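Counting in our numbering, the sequence shown runs from 80 upward without gaps. Ideal Cβ positions, reconstructed from N, Cα and C, are used throughout, including at glycine. These numbers come from a predicted model, not from an experiment. See below for the structure under consideration.
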Amino acid sequence: MLYGYAHAIAVGAMTTINVALVSLLVAVVLGLVAAMCKSAPNRVLNTIASLYTSLARSAPDFVWLLFLYYGGQAALNYAVNKVSPGRSIDIDSYMASVIILGAVYGGYVAETFRGAMLSVPAGQLEAGYAFGLRKRTVLFRILYPQMMRFAIPGLSNNWLALVKASAITSMVSLNELVFLSTAAGRATHHILLFFCIAGAVYLALTTVSLWILRRLNMKFSLGVREVIL
80 MLYGYAHAIA
90 VGAMTTINVA
100 LVSLLVAVVL
110 GLVAAMCKSA
120 PNRVLNTIAS
130 LYTSLARSAP
140 DFVWLLFLYY
150 GGQAALNYAV
160 NKVSPGRSID
170 IDSYMASVII
180 LGAVYGGYVA
190 ETFRGAMLSV
200 PAGQLEAGYA
210 FGLRKRTVLF
220 RILYPQMMRF
230 AIPGLSNNWL
240 ALVKASAITS
250 MVSLNELVFL
260 STAAGRATHH
270 ILLFFCIAGA
280 VYLALTTVSL
290 WILRRLNMKF
300 SLGVREVIL
């Protein structure tokens with residue numbers, strides 16, 4: 080079955096899911112920090128966060144991946160050679176892919192979170208402070224739970240885009256779905272077959288993701304009445 084490449088395709092699919100999930104975790108952490116900084120009154124933090132989100136969204140994903148993976152590795156080895164001549168460092172393609180995708184999509188997630196934060200009525204936060212709640216308590220008990228209801232639709236789009244963007248990691252020879260499907264197709268001369276299989280895997284992954292995200296949206300929307308026009 081599949082000319083003996085079924086296991087390779089399964090490994091590639093699992094690697095794709097792994098890269099996408101870990102990259103999403105990095106993006107959510109960076110995005111939340113950037114969103115908080117952009118909403119902060121501190122001008123320095125606001126400027127740094129704005130610069131980060133602008134840079135992250137200013138170029139295609141594969142440009143950042145190639146630039147930071149190959150260019151970053153060359154710059155790192157140049158610096159290492161200055162300190163220890165003849166020594167070189169190889170950047171792991173998995174770590175590079177996760178960090179770069181997470182950092183790039185962190186810029187998009189930051190805007191999603193910032194918009195969600197602005198959607199929560201400021202009066203509720205002020206009421207929390209008026210009752211003597213600490214800032215941390217207000218954030219975790221009032222802002223974040225309500226913010227997620229507004230953020231999930233945007234996060235859904237970010238996640239689906241991130242899943243598809245994980246295919247570009249094949250350009251740095253990461254053994255993910257597209258890379259192994261291409262290798263199997265070239266080895267068996269049935270490249271269209273393996274690309275169709277890869278497409279079916281992506282379709283299944285996005286379908287399951289949409290179902291899970293829909294359930295999450297329902298969970299965070301409990302007790303909220305929909306406006307009927």
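In this structure, I179 lies away from Q152, with their beta-carbon atoms at least 8 Å apart.
The Cβ atoms of T132 and E190 sit closer than 8 Å to each other.
Exclusion of the five residues before and after Q225 leaves V199 as the residues of its chain whose Cβ lies within less than 6 Å of its Cβ. Distances from the CA of M174 to each of V257, P164, L292 and L253 were compared; the closest alpha carbon is that of L253. Distance from the Cα of S288 is smallest, within the candidate group R213, V108 and L241, for L241.
S137 carries a coil assignment under DSSP once its states are collapsed to helix, strand and coil. Taking the C-beta atoms as reference points, V177 is found nearer than 8 Å to V98. Linking G278 to S260 through their CA atoms gives a straight-line distance of about 10 Å.
A distance below 6 Å between beta-carbons, with the five flanking residues on each side excluded, links G207 to the following residues of its chain, in chain order: V217 and I221. Under the three-state reduction of DSSP, Y84 is assigned to coil, being neither helix nor strand. In the structure shown, P232 adopts helical secondary structure according to DSSP, grouped into three states. With a beta-carbon spacing of about 6 Å, I276 and I88 fall inside the 8 Å limit used to define contacts. Pairing A138 with L147, the inter-Cα distance amounts to about 12 Å. Residue burial is scored here from C-beta neighbours: E255 has at least 16 other C-beta atoms within 10 angstroms and is therefore classed as buried. Taking 8 Å as the cut-off, the Cβ atoms of S102 and Y157 do not count as close.
Here E255 carries a coil assignment [DSSP, helix/strand/coil]. With a 10 Å radius around the Cβ and a threshold of 16 neighbouring Cβ atoms, Y84 comes out buried.
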